[in-house]
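Notes follow the structure.
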Amino acid sequence: MYIHQLSKKHSVLHHFLSEIRDQSIQKDRMRFRRNIERIGEILTYEMSMSFSFSDKETITPLGKKGCVEISNKIVVCSILRTGLPLHQGIINYLDGADCSFISAYRCHTSETDFEIHVEYLASQDLDNKTLILADPMLATGQSILATFDALTKVGLPKEVHILSVIGARPGIAFLQKKLPKETHLWIGDIDAKLNEKGYIIPGLGDAGDLAFGEKLQK
162 MYIHQLSKKH SVLHHFLSEI RDQSIQKDRM RFRRNIERIG EILTYEMSMS
212 FSFSDKETIT PLGKKGCVEI SNKIVVCSIL RTGLPLHQGI INYLDGADCS
262 FISAYRCHTS ETDFEIHVEY LASQDLDNKT LILADPMLAT GQSILATFDA
312 LTKVGLPKEV HILSVIGARP GIAFLQKKLP KETHLWIGDI DAKLNEKGYI
362 IPGLGDAGDL AFGEKLQK
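Numbered according to this note's numbering, the sequence shown spans residues 162 to 379.
Structure, rendered in structure tokens:
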């Protein structure tokens, strides 16, 4: 798996990462969602440089101009509910992309152990498409793997890109062993470890709860 960690270079991305981690700022739910969305836009811009482009001629009011446009057939699949703000950031830039949605959530069997349950999938045919998986928090990597396995039943994509805001090294290492070698991970920042419950340390907390409100636990 190719890993593109954007925080290795200083940019406005660091400002947004700092705000979503700050426990006082993240209490502003709308600001938290918007910062995730803006990080999604930055990740998408960087990822777009790896796409294929084709030439086209554009007619302006005063003449003609040779231009290029993205030629990839793109499907963006977001993991509900946490992936929604990130999804919006992606399609702000890839407005012609098809959109898929999947529910992949942790079902705890004990205080520290859990299984990933997939109960809902709405997707297009993925054969020969560019698949973008959107999941803001790459913790254990199990949700992304479960999503990928479910999606391969509706087609085999030509290429796979994962977009995440913050990830943990153990989860990234797990996906490197499980996903195709040509997979690309575009990620804002990478933290060192997970706690005993599988949450990223230092991370930022539960991104879904911060974006949409605390949920009832199953």
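No residue lacks a Cβ here, since even glycine has one placed at the ideal position from N, Cα and C. All values reported here derive from a predicted model rather than from experimental measurement.
Item to check | Within 8 Å, strictly: CB atoms of Asp-296 and Gly-332 | outcome: Start at 1 with the first residue of the sequence shown, and residue 296 comes out as number 135. Start at 1 with the first residue of the sequence shown, and residue 332 comes out as number 171. Taking 8 Å as the Cβ cut-off, Asp-296 and Gly-332 do not qualify as a contacting pair.
Next on the checklist: In this structure, how does DSSP classify Thr-301 when only helix, strand and coil are distinguished?
Outcome noted: What you label residue 301 is simply residue 140 of the sequence shown in a count that begins at 1. The answer is coil: DSSP assigns Thr-301 none of H, G, I, E or B.
Item to check | Residues near Ser-277 in its chain [Cβ-Cβ closer than 6 Å; skip 5 each side] | outcome: Here residue 277 refers to the residue found at position 116 when the sequence shown is read from its first residue. It is Ile, not Ser, that sits at residue 277 in the sequence shown. The residues are Ala-265, Gln-303, Ser-304, Ala-307.
Item to check | Nonlocal neighbours in the same chain, by C-beta distance under 8 Å from Asn-356, ignoring five residues either side | outcome: The count along the sequence shown starts at 1 and reaches residue 356 at position 195. Cβ within range, chain order: Ile-362.
Item to check | Contact between the segment 277 to 291 and the segment 248 to 257 (3+ Cβ pairs under 8 Å) | outcome: no
Checklist entry - Which of helix, strand or coil does DSSP assign to Tyr-206? => result By one-based count along the sequence shown, residue 206 stands at place 45. Reduced to three states, the DSSP call for Tyr-206 is helix.
Next on the checklist: Looking at the secondary structure, which residues open and close the beta strand (DSSP E) in which Phe-214 lies?
Outcome noted: Here residue 214 corresponds to residue number 53 of the sequence shown, with the count starting at 1. Looking at the DSSP string, the run of the beta strand (DSSP E) that includes Phe-214 is 214 to 221.
Next on the checklist: Spatial neighbours of Val-321 within its chain, please: C-beta separation below 6 Å, excluding the five flanking residues on both sides.
Outcome noted: As a first step, residue 321 is located in the sequence shown; it is residue number 160 there, counting from the start. For Val-321, where only same-chain residues beyond five positions count, the Cβ hits under 6 Å are Leu-292, Thr-344.
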